[in-house]
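Each remark here refers to the structure printed beneath this line.
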Amino acid sequence: MDAFVTRLMSLPPLEPDREHELALRSRDGDASARAELIESALRLVPLHALRLGARGETLMDAVQAGSVGLIEAVDRFDPDRGVRLATYAWPWIAHSVGAVLCEREQAAPWSPLGEDEPPSLVTEAVHGLETTLAEVLRVRHRLDGTPGPPRSREVVAVHLGLSVSQVRTREGEAMRQLRGRLAKVVHRAEPQGEADPP
Numbered sequence: 002m003d004a005f006v007t008r009l010m011s012l013p014p015l016e017p018d019r020e021h022e023l024a025l026r027s028r029d030g031d032a033s034a035r036a037e038l039i040e041s042a043l044r045l046v047p048l049h050a051l052r053l054g055a056r057g058e059t060l061m062d063a064v065q066a067g068s069v070g071l072i073e074a075v076d077r078f079d080p081d082r083g084v085r086l087a088t089y090a091w092p093w094i095a096h097s098v099g100a101v102l103c104e105r106e107q108a109a110p111w112s113p114l115g116e117d118e119p120p121s122l123v124t125e126a127v128h129g130l131e132t133t134l135a136e137v138l139r140v141r142h143r144l145d146g147t148p149g150p151p152r153s154r155e156v157v158a159v160h161l162g163l164s165v166s167q168v169r170t171r172e173g174e175a176m177r178q179l180r181g182r183l184a185k186v187v188h189r190a191e192p193q194g195e196a197d198p199p
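Residue 2 is where the sequence shown starts when you use the numbering used here, and the numbers rise one by one after that.
So, in structure tokens, the structure goes:
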């Protein structure tokens, strides 16, 4: 892992009282308090980037983008709401990191099979699923026609505002129902009462 990323992850967190004090001062325009608050929270960026699946060169890009999200969160943070900065900053960091991961996935080379033949049976079967289940499949497997490989569950979670666990559960249920629907279609299409070929 990059030495810079390792150093960021080793930064110690602030004590709650110190964080609250710095946040109040930062809100009042104290630039040094703002800088200390940002620096102390930078460890969150690579942690979340790794959690969302960023690796290698993508990790550095994700850390840079996530840092911008963190700064935005620090500037909007209200310590009097009773929420720690780490909790408040998470969606800001995740959104910025997720944008980088989506860009990298869309730029990845891809050689689709049957590119000129849309999977109409699958698409039709997906339309019959519950909306929350169908949405996970559409985003993860690019059923809207967007070119590229399947998106990671982490990227789907960011895109849909879900946890990775929720994405995994909904995808599993959607695939179970989808297999059942497709099996019925195939069964109806099979010739009935004919002998097996020799």
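Here a beta-carbon is modelled for each residue, glycine too, at the ideal position from N, C-alpha and C.
What separation, rounded to the nearest whole angstrom, lies between the Cα atoms of Thr88 and Ala95? Mapped onto the sequence shown, residue 88 falls at position 87. Mapped onto the sequence shown, residue 95 falls at position 94. For Thr88 and Ala95, the distance between alpha carbons rounds to 11 Å.
Determine the extent of the alpha helix (DSSP H) in which Pro17 is found, giving its start and end residues. Translated into positions along the sequence shown, residue 17 becomes position 16. Where Pro17 is concerned, the enclosing alpha helix (DSSP H) stretches over Pro17 to Arg28.
Same chain only: Cβ atoms within 6 Å of Leu55, ignoring 5 sequence neighbours per side: The count along the sequence shown starts at 1 and reaches residue 55 at position 54. What sits at residue 55 in the sequence shown is Ala, not Leu. Excluding sequence neighbours, Ala55 sits near Ala63.
Can you tell me which of the three DSSP states Leu144 falls into? Taking the sequence shown and counting its residues from 1, one reaches residue 144 at position 143. Of the three classes helix, strand and coil, the one that applies to Leu144 here is coil, per DSSP.
Would Val156 be called buried (16 or more neighbouring beta carbons within 10 Å of its own) or exposed? Here residue 156 refers to the residue found at position 155 of the sequence shown. Val156 comes out buried.
Our contact map puts Thr59 next to Leu9 with C-beta atoms below 8 Å; I'd like the distance itself, whole angstroms only. For the purposes of this step, residue 59 is taken as residue 58 along the sequence shown, with counting starting at 1. For the purposes of this step, residue 9 is taken as residue 8 along the sequence shown, with counting starting at 1. Rounded, the Cβ-Cβ distance is 16 Å, inconsistent with contact.
Given a cut-off of 8 Å, decide if Leu12 and Arg52 are closer than it, judged by their beta-carbon atoms. If you number the sequence shown from 1, residue 52 lands on position 51. If you number the sequence shown from 1, residue 12 lands on position 11. No. Outside cutoff.
Buried or exposed: Arg77, going by 16 or more other Cβ atoms within 10 Å of its Cβ? By 1-based counting over the sequence shown, the position of residue 77 is 76. Under this definition Arg77 is an exposed residue.
Using a 10 Å radius around the Cβ and a threshold of 16 neighbouring Cβ atoms, would you call Glu20 buried or exposed? The residue labelled residue 20 in the question sits at position 19 within the sequence shown. Buried.
Count the other CB atoms, across all protein chains shown, that sit within 10 Å of the CB of Gly70; report buried if there are 16 or more and exposed otherwise. By 1-based counting over the sequence shown, the position of residue 70 is 69. Looking at its Cβ environment, which holds 16 or more other Cβ atoms inside 10 Å, Gly70 is buried.
Mind checking whether Leu144 and Ala175 have CB atoms under 8 Å apart? As a working note, residue 144 is residue 143 in the sequence shown. As a working note, residue 175 is residue 174 in the sequence shown. Result no, Cβ atoms of Leu144 and Ala175 do not sit closer than 8 Å.
DSSP-derived helix/strand/coil call for Gly162: Looking up residue 162 in the sequence shown gives position 161. Reduced to three states, the DSSP call for Gly162 is coil.
Element boundaries [alpha helix (DSSP H), containing Pro47]: Taking the sequence shown and counting its residues from 1, one reaches residue 47 at position 46. It spans Leu45 to Arg52 - the alpha helix (DSSP H) in which Pro47 sits, taken as one unbroken run.
For Gly57, count the other beta carbons within 10 Å of its own beta carbon; 16 or more makes it buried, fewer makes it exposed. Which is it? The sequence position of residue 57 within the sequence shown is 56, counting from 1. It is exposed - the Cβ of Gly57 has fewer than 16 other Cβ atoms within 10 Å.
Around the Cβ of Val140, are there at least 16 other Cβ atoms within 10 angstroms (buried) or fewer (exposed)? Here residue 140 refers to the residue found at position 139 of the sequence shown. Result: buried.
Do Trp93 and Ala74 have their C-beta atoms closer together than 8 Å? Along the sequence shown, one-based indexing puts residue 93 at 92. Along the sequence shown, one-based indexing puts residue 74 at 73. Yes. Within cutoff.
Would Val84 be called buried (16 or more neighbouring beta carbons within 10 Å of its own) or exposed? For this step, residue 84 is matched to residue 83 along the sequence shown. Val84 comes out exposed.
Can you tell me whether Leu60 is helix, strand or coil according to DSSP? Position 59 of the sequence shown, counted from the start, is the residue given in the question as residue 60. In this structure, Leu60 counts as helix in the three-state DSSP scheme.
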